[in-house]
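First comes the structure, then the notes that go with it.
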Amino acid sequence: MKSELTILKIGGSVITDKSEGAYEKLKEVELKEVCRAMSENWKNLILVHGAGSFGHPHVRRFGLSPLGASKVHLGCLRLSERFCSVLTEFDVPAYPIHPFLIYSAEIVEKALRNGFLPVLHGDVVMNERIEVLSGDDIVVHLAEAFKAKRIGFATDVDGVYLNGNVVEKLDRNMLEKMLAEIGESEGKEDVTGGMLRKLQRLYEMGHKCSAYVFKGNYENLKKFLQGEKVGTEVII
Ligand code: IPE
Numbered sequence: 107m108k109s110e111l112t113i114l115k116i117g118g119s120v121i122t123d124k125s126e127g128a129y130e131k132l133k134e135v136e137l138k139e140v141c142r143a144m145s146e147n148w149k150n151l152i153l154v155h156g157a158g159s160f161g162h163p164h165v166r167r168f169g170l171s172p173l174g175a176s177k178v179h180l181g182c183l184r185l186s187e188r189f190c191s192v193l194t195e196f197d198v199p200a201y202p203i204h205p206f207l208i209y210s211a212e213i214v215e216k217a218l219r220n221g222f223l224p225v226l227h228g229d230v231v232m233n234e235r236i237e238v239l240s241g242d243d244i245v246v247h248l249a250e251a252f253k254a255k256r257i258g259f260a261t262d263v264d265g266v267y268l269n270g271n272v273v274e275k276l277d278r279n280m281l282e283k284m285l286a287e288i289g290e291s292e293g294k295e296d297v298t299g300g301m302l303r304k305l306q307r308l309y310e311m312g313h314k315c316s317a318y319v320f321k322g323n324y325e326n327l328k329k330f331l332q333g334e335k336v337g338t339e340v341i342i
């Protein structure tokens, strides 16, 4: 089962409004569309979602003291609760895993083994100090732990842009060229680094598998979950 596993991250910008000043603004319609796509094909899947405006503004506003981290986590929890509730409305047995409380490949595997869809999210975590763990880092870690077959990043853009166009296939050499070109969406309060950091994490990953960056609408999600190519294919 492990080699057949797919990991999908729904970026915070897909399901929340991340524009400047937005605070805990859910995109209800988009969230439903995501859950509808998932409901048709969620076997052998691990779902990870970002925090969007339920996490990034909080880190800026409250910081990462124990009290700040507590407030950040509670924001992430509210989004996770909404996401998992809508998934269950679409008959998907979501198993919420909150990294602030517990995070390990074992708990994810146990959920999979028992017929759940594990749902993790970007969160605050207690390592040597309290820090932010992005959903992208979770994807990379779990892809290595489970030797995932494919991974996907659903975002609010069509893929990775180079010179104003979406790149169909991106390799390591092209990443260098992109440093000045990458179309970081403006006005977003992103404390975990956006697209460039996402790609760097992928290239740092020890495990080789297919990876895709694409716009997180219903059609694309459906295609990705059916095993089709979508958006930009990142050659790791
Ligand atoms: C961020 O997670 C977590 C916090 C800010 C606490 P992500 O980095 O995965 O979130 P998005 O996808 O950028 O919104």
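Everything in the sequence shown is counted per my numbering, starting at 107 for the first residue and increasing by one.
The beta-carbon is built from N, C-alpha and C at its ideal position, and this holds for glycine as well.
All figures in this text were calculated on a predicted structure; none of them were measured in a lab.
Using the rule of at least 16 other Cβ atoms within 10 Å of the residue's Cβ for burial, across every protein chain shown, is residue i buried or exposed?
i	result
Leu111	buried
Gly193	Before going further, note that residue 193 is Leu rather than Gly in the sequence given. Leu193 is buried by the Cβ-count criterion.
Arg256	buried
Lys124	buried
Met301	buried
Glu339	buried
Gly293	Note that Gly293 scores a pLDDT of 43, beneath 50, so its modelled location is shaky; the value from the coordinates is reported in the next line. Exposed, by the Cβ-count rule.
Ser176	exposed
Ser159	buried
Leu331	buried
Would you give the residue range spanned by the alpha helix (DSSP H) that residue i belongs to?
i	result
Leu185	Pro172 to Glu195
Tyr324	Tyr324 to Leu331
Glu339	Looking at the DSSP string, Glu339 is not in any alpha helix (DSSP H); the run it does join, the beta strand (DSSP E), is Thr338 to Val340.
Tyr309	Gly300 to Glu310
Output the distance between the C-alpha atoms of residue i and residue j, rounded to the nearest integer angstrom.
i	j	result
Thr261	Glu234	31 angstroms
His162	Ala211	25 angstroms
Lys149	Asp277	29 angstroms
Met284	Val272	12 angstroms
Leu218	Phe252	11 angstroms
Ser171	Leu207	16 angstroms
Phe189	Gly117	12 angstroms
Asn147	Gly221	13 angstroms
Gly265	Tyr309	16 angstroms
Glu134	Tyr209	27 angstroms
Which two residues bound the contiguous beta strand (DSSP E) that contains residue i?
i	result
Ser316	Ser316 to Lys321
Lys115	Thr112 to Ile116
Val225	Leu223 to His227
Ile152	Leu151 to His155
Ala128	Counting along the chain, Ala128 falls outside any beta strand (DSSP E), and DSSP gives it neither H nor E.
Pro163	Counting along the chain, Pro163 falls outside any beta strand (DSSP E), though it belongs to the alpha helix (DSSP H) covering His162 to Phe168.
If you check the beta carbons only, do residue i and residue j fall under 9 angstroms apart?
i	j	result
Phe259	Lys328	no
Leu114	Leu151	yes
Gly241	Ala128	no
Asn323	Glu139	yes
Val361	Thr298	The structure shown does not extend to residue 361, since the chain is modelled only from 107 through 342, so no value can be given for it.
Pro351	His227	Past the edges of the chain, shown from 107 to 342, lies residue 351, and the structure says nothing about it.
Cys141	Glu195	yes
Val263	Lys335	no
Using a Cβ-Cβ distance cut-off of 9 angstroms, determine whether residue i contacts chain D.
i	result
Val273	Of the protein chains in this structure there is only one, and it is not chain D.
Contiguous alpha helix (DSSP H) assignments of at least 4 residues, all confined to the stretch 204-277:
DSSP runs (the alpha helix (DSSP H)) wholly in the stretch 204-277: 211-219 and 241-252.
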